[in-house]
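Here is the structure we will look at.
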Amino acid sequence: MPSIVPHDGGISGFAIFLIVFAIVIGCAVTSVAIFFVQKRARDRRKIHGEYRPQQEEQKHAKDLPYITPPNIEGLI
Numbered sequence: 001m002p003s004i005v006p007h008d009g010g011i012s013g014f015a016i017f018l019i020v021f022a023i024v025i026g027c028a029v030t031s032v033a034i035f036f037v038q039k040r041a042r043d044r045r046k047i048h049g050e051y052r053p054q055q056e057e058q059k060h061a062k063d064l065p066y067i068t069p070p071n072i073e074g075l076i
């Protein structure tokens with residue numbers, strides 16, 4: 001007589017463990033990679049404690065309209 005209990009055709013517990021483990025490791029590696037990319041970008045933007053007003057002026061001067069210089073004849 002055939003068995004009434006159906007055969008379980010699902011994946012094994014070890015296979016589920018491997019899938020979950022791979023996802024966790026993948027997320028960890030991705031997080032570490034994002035951290036180092038952001039750190040490298042942040043370090044590039046630092047000016048290392050030096051005062052460089054020209055950089056700030058050039059950064060903000062892009063949005064300003066051009067102002068013509070005054071006539072030298074009118075100043076003398």
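Reading the sequence shown from the start, the letters are residues 1 to 76 in the UniProt record's numbering.
Ideal placement from N, C-alpha and C gives every residue a C-beta, glycine not left out.
Here the structure is a predicted model, which means the values were calculated and not measured.
Taking the alpha helix (DSSP H) that residue i belongs to, which residues open and close that run?
i   : result
L18 : 13-45
Could you give the distance in angstroms between the alpha-carbon of residue i and the alpha-carbon of residue j?
i   : j   : result
P71 : V37 : In the sequence as presented, Pro is not what sits at residue 71; that position holds Asn. Distance between the alpha carbons of N71 and V37 is about 51 Å.
A41 : K59 : 18 Å
Who are the Cβ neighbours of residue i in its own chain at under 6 Å, not counting the five residues just before and after it?
i   : result
Q55 : none
Which residues in the same chain have their Cβ closer than 7 Å to the Cβ of residue i, if we skip the five residues on either side of it in sequence?
i   : result
I23 : none
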